[in-house]
Every structure is written in structure tokens, then in C-alpha cells.
Amino acid sequence: MSNKPFIVSNPILAAFVATILLASVTLMSFVVLEPGVMYAATDTFTVEQEITAEIAFQTAANNVTMAPALAGITGGYASGTSTLAVTTNNVAGYTLTINFADPVAMQYESGSDSIPNFVDGGPNAYNFSVSSGEAFFALAASSTNIVAAFKNNGSACSAGALISAAHCWTMNAIATTTLTLVDRNSSTPAAGEETIIGFRVGVNDPTPALPAGFYNATATLTALVK
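In my numbering, the protein residues as written are 2 to 227.
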């Protein structure tokens, strides 16, 4: 019996055999080279939402009617307060400022007369007093984070840690200029941070005399996130 090579003489059969052999080789290569079949895949991603800083007056400042009414010559002192609350979610806090519509804040509503701004020329005045021949309008303020100028030690301002809307009186010489009342370095509670602003008018036989009638000061509060 002779060992002759296997030769496929039929061209169609030869092509079929070649195809089978090629497929077998390809399959064997996949089995040998493919490390394994994966049954799971993971993908990680993030979802981002920005929350912006917001600020609002939780409680709006109330209008003030000073009491009592003052006689134009013998005079005396009248006072009133306005209470407000600011709320913010800003972690850096906020500032609260006040300014007035007119350079001399307290204006006579029936003419051009006014009650002068109380400008002490130094630290805020612990007590508000008006000498003979004068009349003045002033404010003070209290809050947990009131600025240092409104803090006192029981006898002087810009000192100590006591706060009161009945001490440390002041006004800017030009009342349209903003005056900072509160400077907070954190977010507020949900109920907000309360601020009380005290106002006083003192009249002591001023020269010139103040015409009888009503005087008004229009104030604007601005709460600003840092």
C-alpha cells in the first residue's frame, strides 16, 4: 500500500475543504487567544446641581412714628424703632447697610426746612443729647452681628461687646451715603437674623426755629451677600 498525498481533484470540493479548514483555524485561534467572556460591565458618572446664594428680608422693616410729638421751642426727645430680619443661605454671610433719600435725612414735608443729621465727629455717642439752640436726628442699632461701632462697654462705643438700640448714636454727615449696620460671616438660621434700628430726634430751642408740622426721613436698607 503506497503513501500518496491526499489530493482533492474536484475544484468545488477543494474550495469547500479549504473553507472548512480556514474556519477551523480561526475558531481555534479565538479559543486560544481570547482570555474569557465578560458577563458584566460598569460605568461611573456624576450628576451635579448648583445651588446659588440667596438673601431676603424674612421680616420687612416697619414704618416708624416717633413719639412723643415735640414742641418747637421747649423741645425734648422723641424716639422710635424699626425691626427687621434678614435670611440667607450664603455661607460667607452678608452685610446690611442703611442710607437715606436726602443728604439731610429728616425733611420738613411742607417746605425746605430739615432737622440736621447728628454727626458727633468721633466714635458713636453712647448717649444722645442736644445742647441749647440745636436740633438733631440720629440712629442706633442692635443685632447679633452688629458692627463694632455700635457695640459698647457700658459707657463708651466702639468698645466692649454690649449691644443696644438705645446707645451708640450716629448719622453720616451726608445721609445718602451708606452706613453699615451688620456684618455676618455665615449663613443665618431659617428664621433670619433680627436687627433693631433705633431713631431719636432731639430739639432744644433750635436756631433757626423749626416750623410746626411733620418731618420725614425715607430710609433704604440693603442686604448684600458677601
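By construction, the Cβ of each residue, glycine as well, lies at the ideal position given by its N, Cα and C atoms. All values reported here derive from a predicted model rather than from experimental measurement.
Checklist entry - In three-state terms, what does DSSP make of Phe151? => result On the sequence shown, position 150 is the one that residue 151 refers to. In this structure, Phe151 counts as helix in the three-state DSSP scheme.
Item to check | Opposing strand residues paired with Ala142 [DSSP bridges] | outcome: Along the sequence shown, read from residue 1 onward, the residue named residue 142 stands at position 141. Looking at the DSSP assignment, Ala142 forms a beta bridge with Ile198.
Next on the checklist: Am I right that Ser165 and Asn153 are in contact with their C-beta atoms under 8 angstroms? What's the rounded C-beta distance?
Outcome noted: Taking the first residue of the sequence shown as position 1, residue 165 is located at position 164. Taking the first residue of the sequence shown as position 1, residue 153 is located at position 152. Their Cβ separation, rounded to whole angstroms, is 7 angstroms, which keeps Ser165 and Asn153 in contact under 8 angstroms.
Item to check | 6 angstroms Cβ shell around Ser111 - same chain, five flanking residues per side excluded | outcome: Position 110 of the sequence shown, counted from the first residue, corresponds to residue 111. Closer than 6 angstroms at Cβ, skipping near neighbours: Gly214.
Checklist entry - How about Val65 and Gly81: are their beta carbons less than 8 angstroms apart? => result Along the sequence shown, read from residue 1 onward, the residue named residue 65 stands at position 64. Along the sequence shown, read from residue 1 onward, the residue named residue 81 stands at position 80. Against a cut-off of 8 angstroms, the Cβ pair of Gly81 and Val65 comes out as a contact.
Next on the checklist: Rounded to whole angstroms, what is the Cα-Cα separation between Gly122 and Glu55?
Outcome noted: Taking the first residue of the sequence shown as 1, we reach residue 122 at position 121. Taking the first residue of the sequence shown as 1, we reach residue 55 at position 54. Those two C-alpha atoms are separated by around 36 angstroms.
Checklist entry - Leaving out the 5 sequence neighbours to the left and right, which residues in its chain are closer than 6 angstroms to Ala160 when beta-carbon positions are compared? => result Locating residue 160 in the sequence shown gives position 159, where the first residue counts as 1. Within the same chain, Ala160 has close Cβ partners Asn154.
Item to check | 8 angstroms contact criterion, which Phe101 and Pro117 should meet: CB distance rounded | outcome: Translated into the one-based positions of the sequence shown, residue 101 becomes position 100. Translated into the one-based positions of the sequence shown, residue 117 becomes position 116. Contact doesn't hold; Cβ gap of about 13 angstroms is too wide.
Checklist entry - The beta strand (DSSP E) spanning Val183 covers which residue range? => result In the sequence shown, the residue the question calls residue 183 occupies position 182. From DSSP, the beta strand (DSSP E) with Val183 extends over Leu180 to Arg185.
Item to check | 8 angstroms Cβ shell around Thr196 - same chain, five flanking residues per side excluded | outcome: By 1-based counting over the sequence shown, the position of residue 196 is 195. Answer for Thr196: Thr84, Leu85, Ala86, Val87, Leu97, Ala142, Ser143, Ser144, Ile147, Leu182 and Val183, listed in chain order.
Next on the checklist: Would Arg201 and Ala139 qualify as a contact pair, given that the criterion is a beta-carbon distance under 8 angstroms?
Outcome noted: For the purposes of this step, residue 201 is taken as the residue at position 200 of the sequence shown. For the purposes of this step, residue 139 is taken as the residue at position 138 of the sequence shown. Cβ distance < 8 angstroms, so Arg201 and Ala139 count as in contact.
Item to check | Collapsed DSSP secondary structure at Phe129 in the structure displayed | outcome: Counted from its first residue, the sequence shown places residue 129 at position 128. The answer is coil: DSSP assigns Phe129 none of H, G, I, E or B.
Next on the checklist: Less than 8 angstroms between the beta carbons of Gln108 and Asn205, yes or no?
Outcome noted: Taking the first residue of the sequence shown as position 1, residue 108 is located at position 107. Taking the first residue of the sequence shown as position 1, residue 205 is located at position 204. Their beta carbons are not under 8 angstroms apart, which means Gln108 does not touch Asn205 by this criterion.
Item to check | Residues near Ser188 in its chain [Cβ-Cβ closer than 8 angstroms; skip 5 each side] | outcome: Here residue 188 refers to the residue found at position 187 when the sequence shown is read from its first residue. Answer for Ser188: Thr89, Asn90, Asn91, Val92 and Gly94, listed in chain order.
Checklist entry - By DSSP, does Ala167 sit in helix, in strand, or in coil? => result Taking the sequence shown and counting its residues from 1, one reaches residue 167 at position 166. Reduced to three states, the DSSP call for Ala167 is coil.
Checklist entry - With a Cβ-Cβ cutoff of 8 angstroms, do Pro207 and Gly134 count as a contact? => result In the sequence shown, the residue the question calls residue 207 occupies position 206. In the sequence shown, the residue the question calls residue 134 occupies position 133. In contact: Pro207 and Gly134 (Cβ atoms closer than 8 angstroms).
Item to check | Asp103 to Leu222 span [Cα, whole Å] | outcome: Reading the sequence shown from its first residue, position 102 is the one you call residue 103. Reading the sequence shown from its first residue, position 221 is the one you call residue 222. The straight-line gap from Cα to Cα measures roughly 14 angstroms.
Checklist entry - Among Ile99, Pro124 and Ser132, which has the Cα closest to the Cα of Leu225? => result Position 224 of the sequence shown, counted from the first residue, corresponds to residue 225. With distances taken between Cα atoms, Leu225 lies closest to Ile99.
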